[in-house]
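**Q** 7 is the number of the first residue of the sequence shown in my numbering; add one for each residue after it. Dumping the structure here so I can ask a few things about it.
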Amino acid sequence: MDPLTRFLVYNKIPVSKYSMTYEAMRSEKKQQKQKGAEIDKRLLLLSPDLGRMSDERVLYARNRQPGARPAVVGGTAITEELAGELRIIAFGTASCPPRGEWIHTPLVMRPSEQPLAYGLAAQRNGTRSLLSALQAHIIKWLLFDSRPMTKDNKSAEPPESYLRPSEERQEEALWRACSEVIWRCGDGSTSQTEAKVTVALPTTTAYVQHSPQYYQDGITEMLHLFEFKSLEDLQIFIKRYLYLFQTEDGSGSLLLLYACILSRGCENVKKDLDGKLTYLVSTQVEGSLNVATLLLTGRATPYLHNGVQYVGDEDHYAMPQFGVLSRSSVGLLVWYGNEDGVTKNVTKQNPGSRLKTPALPIWVTCCSGHYGVLFNTNRELLRNYHAERRFDIHYYTCGGCHVLLNVDTRAHEDLAPLRNDDITATPLEKLIHTKWQEAKITWSGAVPFAGDSPN
Numbered sequence: 007m008d009p010l011t012r013f014l015v016y017n018k019i020p021v022s023k024y025s026m027t028y029e030a031m032r033s034e035k036k037q038q039k040q041k042g043a044e045i046d047k048r049l050l051l052l053s054p055d056l057g058r059m060s061d062e063r064v065l066y067a068r069n070r071q072p073g074a075r076p077a078v079v080g081g082t083a084i085t086e087e088l089a090g091e092l093r094i095i096a097f098g099t100a101s102c103p104p105r106g107e108w109i110h111t112p113l114v115m116r117p118s119e120q121p122l123a124y125g126l127a128a129q130r131n132g133t134r135s136l137l138s139a140l141q142a143h144i145i146k147w148l149l150f151d152s153r154p155m156t157k158d159n160k161s162a163e164p165p166e167s168y169l170r171p172s173e174e175r176q177e178e179a180l181w182r183a184c185s186e187v188i189w190r191c192g193d194g195s196t197s198q199t200e201a202k203v204t205v206a207l208p209t210t211t212a213y214v215q216h217s218p219q220y221y222q223d224g225i226t227e228m229l230h231l232f233e234f235k236s237l238e239d240l241q242i243f244i245k246r247y248l249y250l251f252q253t254e255d256g257s258g259s260l261l262l263l264y265a266c267i268l269s270r271g272c273e274n275v276k277k278d279l280d281g282k283l284t285y286l287v288s289t290q291v292e293g294s295l296n297v298a299t300l301l302l303t304g305r306a307t308p309y310l311h312n313g314v315q316y317v318g319d320e321d322h323y324a325m326p327q328f329g330v331l332s333r334s335s336v337g338l339l340v341w342y343g344n345e346d347g348v349t350k351n352v353t354k355q356n357p358g359s360r361l362k363t364p365a366l367p368i369w370v371t372c373c374s375g376h377y378g379v380l381f382n383t384n385r386e387l388l389r390n391y392h393a394e395r396r397f398d399i400h401y402y403t404c405g406g407c408h409v410l411l412n413v414d415t416r417a418h419e420d421l422a423p424l425r426n427d428d429i430t431a432t433p434l435e436k437l438i439h440t441k442w443q444e445a446k447i448t449w450s451g452a453v454p455f456a457g458d459s460p461n
């Protein structure tokens, strides 16, 4: 990130080889104007009077005082056709309102500088799969992306200290995680054109009227659409309007879901589902696995295998099934359990190595329909055989459940081989065994439980 972008994003004076102060940037712009050279349009953000020097103005987020809540200005009002299409591709119908939890689930972090300050807080409902995928990216930024790199990949501060962020770092982790998943959905939409993403924010005006074909939900019909072609512009925008995602009893989860769908494209989402489902959000208690794969891979694919597989029989042509096309930075582990109703109308899919072995030791987990996040604080865990022999792993759910487990993958002669149908193993242990098959798992701290912590 160059010094000027750092100034715009972090509200701090950038430091490079020289002290790049406000006056220095202003004088630099004047010199470029006199020489007839192309002017960096981002300098227009520094002061309104700088904009008078150029006929063309670019509007980005201005630096504001803490707590300021800018109004939604600009963008394109949503059309009746797009509003109906969004509701259909997300929830299956536009003539009925979406489930209430999508309208009233914001993106809220737990109290800062506390043991679980890295975590999102939400009730158990249909947004859990989306929030768990976002939670994994928040942990990814706090533990790895924000930590200074060293030659031996070690930090002077213990990794656990990064899991107790201040309120400022919580907000930065949140808008960076949102920007990352939205950008991934747009970046993977087409290979022929440049990346483009779309974010939808609510206003106070309804552009679609109530009718037998469309039932107003108080959000979708009031959206303004904003398009971005660079990740930095998207980050600045999300940071400015982050309060709309965090408003108490607000619809932050729905806005994030809509941004991912719009960035991927409604038609592309339909193709991703491949006829297995007709809409993205399922009727399962904690949400759909397709929502998680959309945020993790940029594609709402129901297939979790590596690459493309051609499936057919003697009576039908072999048809391609597009799975995970590249190694994911955040992984996915799934254990369906023994209940047939868990995956009703959906073929059981087991994750391939691109999801089981991600670039970083973070996994979104789906354990008998319960969503959570498994993570380890060692960046080199999956790259070092010795580190993977014995290690601690954290399990967290947005409902507030947190447990610490010790995984020992070394051979134990005194232990009988573990079986998938072992009735003494908890569901979470069985899920971990899908990645480390014969590992010995030791619990420490809270009671082993795959869902929220029992009250």
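Quick reminder that beta carbons are idealized off the backbone N, C-alpha and C, glycines included.
What does DSSP give as the partner residues of residue 233 in its beta bridges?
**A** What you label residue 233 is simply residue 227 of the sequence shown in a count that begins at 1. Answer is 204, bridged to residue 233.
**Q** Quick one: what does DSSP say residue 462 is sitting in, helix, strand or coil?
**A** This structure cannot speak to residue 462, because the chain is shown only from 7 to 461.
**Q** Between 320, 332, 308, which has its C-alpha nearest residue 354's C-alpha?
**A** Numbered from 1 along the sequence shown, position 348 holds the residue referred to as residue 354. The shortest C-alpha separation from residue 354 is found at 308.
**Q** If you draw a straight line from the alpha carbon of residue 300 to that of residue 431, how long is it in whole angstroms?
**A** Here residue 300 corresponds to residue number 294 of the sequence shown, with the count starting at 1. Here residue 431 corresponds to residue number 425 of the sequence shown, with the count starting at 1. Taking the straight line from one Cα to the other gives about 31 Å.
**Q** Indicate the three-state DSSP secondary structure (helix, strand or coil) for residue 310 in the structure shown.
**A** Indexing the sequence shown from 1 puts residue 310 at position 304. Coil.
**Q** Between residue 340 and residue 367, how many whole angstroms is the CB-CB distance? I'm expecting something under 8 Å.
**A** Translated into positions along the sequence shown, residue 340 becomes position 334. Translated into positions along the sequence shown, residue 367 becomes position 361. Wrong, their Cβ atoms sit about 17 Å apart, outside the cutoff.
**Q** Considering only residues of the same chain and omitting the five flanking positions on each side of residue 182, which have a CB-CB separation below 6 Å?
**A** One-based indexing of the sequence shown puts residue 182 at position 176. Excluding residues within five positions, the ones whose Cβ falls inside 6 Å are 147.
**Q** Any idea what DSSP makes of residue 125, helix, strand or coil?
**A** The count along the sequence shown starts at 1 and reaches residue 125 at position 119. Of the three classes helix, strand and coil, the one that applies to residue 125 here is coil, per DSSP.
**Q** Using three-state DSSP, classify residue 108 as helix, strand or coil.
**A** Here residue 108 corresponds to residue number 102 of the sequence shown, with the count starting at 1. Correct three-state label for residue 108: helix.
**Q** Got a sec? Which residues, its chain only, sit under 6 Å from residue 327 by beta carbon, not counting five neighbours each side?
**A** Here residue 327 refers to the residue found at position 321 of the sequence shown. The answer, listed in chain order, is 309, 315, 317.
**Q** Just list the alpha helix (DSSP H) runs in the region 266–328, keeping only unbroken ones of 4 residues or longer that don't cross its boundaries, in chain order.
**A** DSSP runs (the alpha helix (DSSP H)) wholly in the region 266–328: 272–279, 295–303.
**Q** Using a Cβ-Cβ cutoff of less than 8 Å, which residues in the same chain neighbour residue 171 once the five nearest sequence positions on both sides are dropped?
**A** Here residue 171 is taken as the residue at index 165 of the sequence shown, counted from 1. Within the same chain, residue 171 has close Cβ partners 118, 119, 123, 124, 148, 179.
**Q** Since I believe residue 207 is in contact with residue 232 (beta carbons under 8 Å), could you give me their beta-carbon distance rounded to a whole number of angstroms?
**A** Along the sequence shown, read from residue 1 onward, the residue named residue 232 stands at position 226. Along the sequence shown, read from residue 1 onward, the residue named residue 207 stands at position 201. Yes, residue 232 and residue 207 are in contact; Cβ-Cβ is about 7 Å, under 8 Å.
**Q** May I have the straight-line CA-CA distance separating residue 139 from residue 189, to the nearest angstrom?
**A** For this step, residue 139 is matched to residue 133 along the sequence shown. For this step, residue 189 is matched to residue 183 along the sequence shown. Distance between the alpha carbons of residue 139 and residue 189 is about 14 Å.
**Q** Compare the Cα-Cα distances from residue 278 to each of 402, 212, 191, 257 and report the closest residue.
**A** Counted from its first residue, the sequence shown places residue 278 at position 272. Considering only alpha carbons, the answer is 191.
**Q** Inspect the CB distances between the region 404–411 and the region 129–139 and report whether three or more fall short of 8 Å.
**A** The region 404–411 vs the region 129–139: in contact.
**Q** Decide if residue 321 is buried, meaning its Cβ has at least 16 other Cβ atoms within 10 Å, or exposed.
**A** Taking the first residue of the sequence shown as 1, we reach residue 321 at position 315. The residue in question, residue 321, is exposed, as its Cβ has fewer than 16 Cβ neighbours within 10 Å.
**Q** Rounding to the nearest angstrom, what Cα-Cα distance links residue 101 and residue 285 in this structure?
**A** By one-based count along the sequence shown, residue 101 stands at place 95. By one-based count along the sequence shown, residue 285 stands at place 279. So the two alpha carbons sit approximately 14 Å from each other.
**Q** Using the C-alpha atoms, what's the distance from residue 80 back to residue 60?
**A** Within the sequence shown, numbered from 1, the residue matching residue 60 stands at position 54. Within the sequence shown, numbered from 1, the residue matching residue 80 stands at position 74. The predicted position of residue 60 is uncertain, since its pLDDT is 42 and thus under 50; a value taken from the coordinates is nonetheless stated next. Distance between the alpha carbons of residue 60 and residue 80 is about 20 Å.
**Q** Which class does residue 446 belong to by DSSP, given the choice of helix, strand or coil?
**A** Translated into positions along the sequence shown, residue 446 becomes position 440. In the structure shown, residue 446 sits in a strand (DSSP, three-state: E or B).
**Q** Under three-state DSSP, which class holds residue 226?
**A** As a first step, residue 226 is located in the sequence shown; it is residue number 220 there, counting from the start. The answer is helix: DSSP assigns residue 226 an H, G or I state.
**Q** Taking only the alpha-carbon atoms, compute the straight-line gap between residue 324 and residue 283 and give it to the nearest angstrom.
**A** Mapped onto the sequence shown, residue 324 falls at position 318. Mapped onto the sequence shown, residue 283 falls at position 277. Using only the alpha carbons, I get a separation of about 20 Å.
**Q** By the 10 Å Cβ neighbour count, where 16 or more other Cβ atoms means buried, how is residue 296 classified, buried or exposed?
**A** Here residue 296 refers to the residue found at position 290 when the sequence shown is read from its first residue. Classification of residue 296: buried, given that the 10 Å Cβ count is 16 or more.
**Q** Use the C-beta contact count for residue 223: other C-beta atoms within 10 angstroms, 16 or more gives buried, fewer gives exposed.
**A** Position 217 of the sequence shown, counted from the start, is the residue given in the question as residue 223. Its Cβ being crowded by 16 or more others within 10 Å, residue 223 is buried.
**Q** Please name the residue or residues paired with residue 465 in a DSSP beta bridge.
**A** Because residue 465 is not part of the residues shown, which for the chain are 7 to 461, the question remains open.
**Q** Quick one: does residue 146 have its CB under 8 Å from some CB of chain C?
**A** Annotation note: the requested chain C is absent from the structure, which comprises a single protein chain.
**Q** Would you mind sorting residue 382 into buried or exposed? The rule is 16 or more other CB atoms within 10 Å of its CB.
**A** What you label residue 382 is simply residue 376 of the sequence shown in a count that begins at 1. The residue is buried, with at least 16 neighbouring Cβ atoms inside 10 Å.
**Q** Tell me the DSSP secondary structure of residue 143 in three-state form.
**A** Taking the first residue of the sequence shown as position 1, residue 143 is located at position 137. It is helical.
**Q** Pick out whichever of 437, 226, 360, 400 has its Cα sitting closest to the Cα of residue 262.
**A** The count along the sequence shown starts at 1 and reaches residue 262 at position 256. Residue 262 has its Cα closest to that of 226, out of 437, 226, 360, 400.
**Q** Which of the three DSSP states is assigned to residue 438 in this structure?
**A** Sequence index remark: in the sequence shown, residue 438 carries index 432 (1-based). Note: residue 438 maps to helix in three-state DSSP.
**Q** Could you name the residues of the same chain whose beta carbon sits closer than 8 Å to that of residue 375, not counting the 5 residues immediately before and after it, in chain order?
**A** Locating residue 375 in the sequence shown gives position 369, where the first residue counts as 1. So the list reads 290, 291, 292, 343, 348, once near-sequence residues are dropped.
**Q** Indicate the three-state DSSP secondary structure (helix, strand or coil) for residue 239 in the structure shown.
**A** Residue mapping note: residue 239 aligns to position 233 of the sequence shown, counting from 1. Helix at residue 239.
**Q** If the criterion is Cβ atoms closer than 8 Å, does the pair residue 240 and residue 167 meet it?
**A** Locating residue 240 in the sequence shown gives position 234, counting from the first residue. Locating residue 167 in the sequence shown gives position 161, counting from the first residue. It is not a contact, given that the beta carbons lie outside the stated cut-off.
**Q** Can you check which of these residues, 237, 154, 247, 165, is closest to residue 177 by C-alpha distance?
**A** Working through the sequence shown from its first residue, we reach residue 177 at position 171. Taking only the C-alpha atoms, the option nearest residue 177 is 247.
**Q** By the three-class DSSP mapping on this structure, what secondary structure does residue 182 have?
**A** Within the sequence shown, numbered from 1, the residue matching residue 182 stands at position 176. Note: residue 182 maps to helix in three-state DSSP.
**Q** Where does residue 261 fall in DSSP's three states?
**A** Residue 261 sits at position 255 when you count from the first residue of the sequence shown. Residue state, collapsed to three classes: helix.
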